[in-house]
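Numbering of the sequence shown is given in the numbering used here, commencing with residue 5 and proceeding in unit increments.
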Amino acid sequence: MTTMTTPHHQVALVTAQMRTAADALVGASVWSMSAPEAATTLLELGRLKAQVVELKTRVAAHADEVQVGTDVGATSTSNWYAHQTRETRSAAYRTVRRGYDLGIYDRVRSGLARGDLRLEQADVIIRSIKALPDGLDPDLLIKAEEHLVTAAEEHDAKRLTILGRRLLEVIAPDLADQHESDLLEREEAKAAQACRLTMSDDGHGKVHGRFTLPALQAAELKKMLLALAAPKHLAATHGPGMERRPGPERMGRAFCELIDRISAKDLPQLGGRDATIVVTIDHDTFLGRLDKAGVIDTGERISAAAARRLACTARIIPVVLGADSEVLDVGRARRFFTKAQLTAMTLRDGGCVTEGCDWPPWMCHAHHWTRWADGGPSDLGNAGLLCPRHHARAHDPAYAMEQHHSGEVTFTRRQ
């Protein structure tokens, strides 16, 4: 570490005095401060921090100008500073760069020096002014700086960012619309290039992921998930008692339902075939005589109950194997109901036929009362509409399903 020589310059002298004063407070207790005094002191410390930041960045820019660190072979002042303080190089570079910026934007610098601005506010103001179109009259830039510095008296950095995006409407209204359009186009192009999706299987039945989306697609996705996570929708699919605000778990379940709702027919073909999941299960498992995991064509494994439930819809192609892994069936088309049959069921059933369920027909699945694997035909007499929740129960061995003369069905949990 470097040691400070005897200070002579006013800034160096006052800095040494502030350090001495701060050292005297290292062991000072604050428990005896009254509430009003604690509040005032906290606010004053915030102002002091801003003043110290301004002074620090001003000295950092001067240190860069006089090439501090070259006598020890440092490649730059910011690298020297990062090494001496153990800050990251990027943080040290920002300190030096901010000092130069404050030398240009004097109103921002003065606000920090008086303790009226906070660092986050100062950064937003400078960034907003730099984002203005090139070639503006210098008087307009001064007007922009004054406007945001004044706005900072009432608004935090987040709100200043929003105001900064509309800055031209204040200083040059005739240029605002075109500039905003150009700015949004650039941002959208960058967002499109920044699109990312990563998924990682943890080996325990869960896949973790991260994504980056453009604002438009993110808004569309959020709208879809909020619709699927809405209390009314959840009460219909999962029963009453769900909390009102959609938390992370509910949004995750909504994401799963959204994926389930996407038809392979709506997606581009993959290798000349629909993007349809293929699940391989043996014949006994398909008939319900044995519970053995199904294998998806992408390598993942699912439970026998999940495979049998999916085999009742057109969402997967079930590949049924005999005892010697002989392919017995690859999801023949006649397994599934035609559009005409689905229309007839819609008119006849009017929605989910489970007693007390109010799901509309266009959100229901067509279910074989006698399973197709057991010889049940794909005709109207052997079919009924079930909502996703009750369709899952129809394939859940924990529930027994009973059909009534009225055409309705009820489910009871097995003992």
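Glycine included, C-beta positions come from ideal geometry on N, C-alpha and C.
Going by beta carbons, alanine 64 and glycine 103 fall inside the 8 Å limit.
For the pair leucine 229 and alanine 161, the Cα-to-Cα distance works out to about 30 Å. From the listed residues Gly355, Gly207, Asp362, the smallest Cα separation to alanine 370 is found for Gly355. When secondary structure is reduced to three states using DSSP, glutamate 406 falls in the strand class.
CA-to-CA, the gap between aspartate 378 and leucine 201 works out to about 42 Å. Per DSSP, alanine 117 is one residue of the alpha helix (DSSP H) stretching across 110-118. DSSP places histidine 151 in the uninterrupted alpha helix (DSSP H) bounded by 142-155. A Cβ-Cβ distance of about 5 Å is found for the pair leucine 123 and valine 57, placing them in contact under the 8 Å criterion. Secondary-structure assignment with DSSP links serine 80 through no beta bridge to anything. Boundaries of the alpha helix (DSSP H) harbouring threonine 24: 14-27, taken from the DSSP string. Listed as beta-bridge partners of histidine 369 by DSSP are Leu390.
In the structure shown, serine 132 falls within a helical segment according to DSSP collapsed to helix, strand and coil. The residue among Asp143, Thr347, Gln221 with its C-alpha nearest the C-alpha of leucine 389 is Thr347. The region 113-120 and the region 134-141 do not touch, with fewer than 3 CB-CB distances between them shorter than 8 Å. Counted as a single uninterrupted DSSP element, the stretch harbouring valine 211 is not any alpha helix (DSSP H) but the beta strand (DSSP E) occupying residues 211-216. Counting the other Cβ atoms within 10 Å of the Cβ of glutamine 407 gives fewer than 16, which makes it exposed.
Shown here, phenylalanine 415 sits in a strand according to DSSP, grouped into three states.
Contact check for glycine 168 against leucine 145 fails: the beta carbons are separated by 8 Å or more.
Counted as a single uninterrupted DSSP element, the alpha helix (DSSP H) harbouring threonine 45 occupies residues 39-69.
Under DSSP, aspartate 205 forms a beta bridge with Val211. Between alanine 258 and alanine 233, the alpha-carbon positions lie close to 5 Å from each other. If you draw a straight line from the Cα of alanine 28 to the Cα of arginine 101, it is about 32 Å long. Per DSSP, alanine 222 is one residue of the alpha helix (DSSP H) stretching across 219-232. If you draw a straight line from the Cα of glycine 73 to the Cα of asparagine 83, it comes to about 8 Å. Taking C-beta separations shorter than 8 Å and ignoring five residues to either side along the sequence, the partners of valine 76 in its chain run Trp84, following chain order. Taking all protein chains in view, the Cβ of aspartate 186 is surrounded by fewer than 16 other Cβ atoms within 10 Å, so the residue is classified as exposed. DSSP places isoleucine 263 in the helix class (H, G or I) of the three-state scheme.
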